[in-house]
Amino acid sequence: MAILKILKYGDERLRQKCKEVSKVSKKVKTLAQDMLDTMYVNNGVGLAAPQVGENLRIFVIDVSMDDEPLNPLVFINPKIIKKSGAIKSNEGCLSFPKAYVDVRRYKNVMVKALDINGRPFVIEAKDGELLAKAIQHENDHLDGILFIDHSRNIFDAIEVLRQNNLPSIEQDKMLEEKELEEEILKQESESKE
612 MAILKILKYG
622 DERLRQKCKE
632 VSKVSKKVKT
642 LAQDMLDTMY
652 VNNGVGLAAP
662 QVGENLRIFV
672 IDVSMDDEPL
682 NPLVFINPKI
692 IKKSGAIKSN
702 EGCLSFPKAY
712 VDVRRYKNVM
722 VKALDINGRP
732 FVIEAKDGEL
742 LAKAIQHEND
752 HLDGILFIDH
762 SRNIFDAIEV
772 LRQNNLPSIE
782 QDKMLEEKEL
792 EEEILKQESE
802 SKE
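Going by the working numbering, the sequence shown wraps up at 804, each residue one higher than the last.
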């Protein structure tokens, strides 16, 4: 067991696209286990390899709550194969200590990946549950996309980063996501009726 150093926002390695894992070796398995240990020590829900300085398409998630038994999931070479719906999500990230902003996410996702033993699996996360949001958040890390890029309000994001002494937002990285935003706005206006 090793607790790894988590890179903070501003480190350029967080913006790199990660390489596929060619073989689920002992080294890859150890990295995945160390990532889980690091995530648990930091009270995280997920952690991606680039956050610990490894340029590999691996992330780990555990969405078990308080008194539930741990349920660690390892995703190697994940691919989101289906996504639908839209939700607003208030998210943070271990690479952005104490910073939370409202972002846009898909409500439902299906992902295929390899597990820690190199076996393929498919998992579906629906209805905007934490697992659906975590899969999208961690999968983005593998493409150098950060949760802040999905911010619904750039001014809120800038202020949150400033308050937490983090580098300013990279406006050229912001994602427009008009369809998602329109669907979220529609839901919000319907809920007010």
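All C-beta atoms, glycine included, are put in the ideal place defined by N, C-alpha and C.
Query, Result
"Spatial neighbours of G621 in its chain, beta-carbon cut-off 6 Å, leaving aside the 5 residues before and after", "P778"
"C-alpha gap between E801 and D648, whole angstroms", "42 Å"
"Cβ-Cβ distance between L725 and L658 below 9 Å", "no"
"Straight-line Cα distance separating E804 from I692", "35 Å"
"Classification of F732 by the beta-carbon crowding that lies within 10 angstroms, buried from 16 upward", "exposed"
"Boundaries of the alpha helix (DSSP H) in which Y651 is found, first to last residue", "637-652"
"Cross-strand partners of R715 (DSSP beta bridge)", "K699"
"Alpha-carbon spacing of G703 relative to A743, whole angstroms", "15 Å"
"DSSP-derived helix/strand/coil call for A743", "helix"
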